[in-house]
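Just so you know, the sequence shown maps onto residues -18 to -1, 1 to 86 in mature numbering (1 follows the signal peptide of the UniProt record, and there is no 0).
For every residue, glycine included, the Cβ atom is placed at its ideal position computed from N, Cα and C.
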Amino acid sequence: MVLLRLALLFALVSFVFTDSTNVGITCALCKAGLASMNAKIQSNPSLMDQMGDTVSQSCDQIPDPKQRKACRATLENHFPLFLQTYNEQWETSVEDLCKSMRYC
């Protein structure tokens, strides 16, 4: 579980850093992050078995306070929905997942 959250976080963080005007999670950020995470999970299915709660601490490494807060809120509020949907309907598109989390 930890590694899946880390994958999501790092995908989101890498996209945030490419757009310095972004102060939160956008539709494009959501889709890019989930697409990256999905690719990592499919290339290493054991990641699903290694998830945990420690990834939110990684949000502290985001320098911008608003982006840090958005990172924490995303993980706290939407990760359970993503994980549930992913487990039940792994073929669901990242756009549909981001829509279900109300980022698109």
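Could you spell out where the alpha helix (DSSP H) holding residue i opens and where it closes?
i, result
"GLU73", "No alpha helix (DSSP H) holds GLU73; DSSP gives it neither H nor E."
"GLN24", "9 to 25"
Kindly give me the distance between the Cβ atoms of residue i and residue j, rounded to whole angstroms, as I take these residues to be in contact under 8 Å.
i, j, result
"GLU77", "LYS22", "Contact doesn't hold; Cβ gap of about 18 Å is too wide."
"LEU65", "LEU16", "Contact doesn't hold; Cβ gap of about 11 Å is too wide."
Is it the case that the Cβ atoms of residue i and residue j are separated by a distance below 8 Å?
i, j, result
"LEU63", "SER82", "yes"
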